[in-house]
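Numbers given in the numbering used here equal positions in the sequence shown, counted from 1, plus 51.
Report on one structure; see the data block that follows.
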Amino acid sequence: MGLVREHEGVRPYDFQRPHQLSRGQLDAVTTVLTTFWRSAANVLATYLRTPVQLQHMTVEQVPYEEMLQTIKVPAVLGVFNAAPNPGSAMIECAPMVALAMVDRSLGGPGVGEMPSRRLTEIEQSIIRRLFERILAVYRDVWQPMAPIEPKMQAMEHNPSFAQVAAEGDLVVVARQQVGVDGHRGHLALVWPYANIEPLAEAALKYQLIRDGTMENVVPKPEAMLRHVEAAPVTGSVLLGRTDITLGDFSQLKVGDAVILKNRYDQPLMLRLSNREKFLVLPGKSHGKLAVRVISRMEEE
């Protein structure tokens, strides 16, 4: 089988991973996340009372198992859902950055060496509250496009215990470099397809409507009704029916009379787009043949 050449309007389709976002959806999500990370940095800076730098955002689709290989144990992972979207997503924070934020939350300077270690239960509860603040920003950013209610489900230190997708599935990973009091690491959001796809579709439609390239995405009943009412419909009146042999038909000539099955005083059938709709009586109006509607045919 030959290779398929690239062609305008045609994009490769991966049959092994059919569930993936389109380029347009991924770009729309990236635009929303730019606003999200900027707002999240402001919220964290206010809560921690220290500047928080976020930069070098990347958004990509990668196999779930490949994403897991980038997470070192012990990790700082928060699993959350976002009703009404199905499935769960995950937020990840570099342990050194998480410990610096814990230190600042408890009134410390947030400086000094922060070892990469598993968080204690108290530290986990502090980070959980920070994640909940971030998720509040996450909710607000998506509100104009797709109202959601994100809620923390669990805190984990091992990605094996935070299974948000199946092996072989593609996930969307948004990773952002973060700096807190000289400690640098990353914050990341990870979504399985089922969780992010409704948001991506809503973001793309919102962007197209805002740009004026998809004004008709929002249903407009009045406009639709006007178009339907102006649509042309072909009407015809059935004079009657009869049975005739092929032999008689072949011998028909001008002047012959063909007897129909229906009586002369019975109503005729008015058909609209080849569907029987009304019973009518024949007559004339302004010198032309016309029919008067007397009843509507019952729908079968």
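Glycine included, C-beta positions come from ideal geometry on N, C-alpha and C.
These figures come from a predicted structure and were not determined experimentally.
In the three-state reduction of the DSSP assignment, Leu72 falls in the coil class. For Gln302, DSSP records no beta bridge to any residue.
CA-CA distance, Gly75 to Val94, rounds to 29 Å.
Listed in chain order, the non-local C-beta contacts of Leu150 below 6 Å within the same chain comprise Met165, local neighbours out to five positions each way being set aside. Counted as a single uninterrupted DSSP element, the stretch harbouring Ala216 is not any alpha helix (DSSP H), since DSSP gives it neither H nor E. Close CB contacts of Pro125 within its chain, under the 8 Å cut and outside five residues either way in sequence, are with Pro146, Ser167, Arg168, Arg169, Leu170, His208, Asn209 (chain order).
When the alpha-carbon of Asn136 is set against those of Phe87, Tyr244, His234, Pro114, the nearest one is in Tyr244. Closest option to Gly230, judged by alpha-carbon separation, among Gln120, Gly338, Val148: Val148. Comparing alpha-carbon positions, the option among Tyr189, Met196, Gln194, Gly306 lying closest to Met203 turns out to be Tyr189. Around the CB of Ile310, fewer than 16 other CB atoms lie within 10 Å, so the residue is classed as exposed. By DSSP's assignment, Phe131 forms a beta bridge with Ala140, Met203. Of the candidates Pro114, Ala274, Leu332, the residue whose Cα lies closest to the Cα of Val342 is Leu332.
The C-beta separation of Gln228 from Gln106 comes to about 5 Å, placing the pair in contact by the 8 Å criterion. Per DSSP, the beta bridge partners of Trp242 are Val223.
Under the three-pair Cβ rule at 8 Å, the stretch 247-263 does not count as touching the stretch 289-296.
In this structure, the CA atom of Ala92 is about 31 Å from the CA atom of Ala217. Leu255 is a Cβ neighbour of Ala79, given a cutoff of 8 Å. For Ala205 and Lys271, the gap between their C-alpha atoms comes out near 43 Å. In the structure shown, Glu117 falls within a helical segment according to DSSP collapsed to helix, strand and coil.
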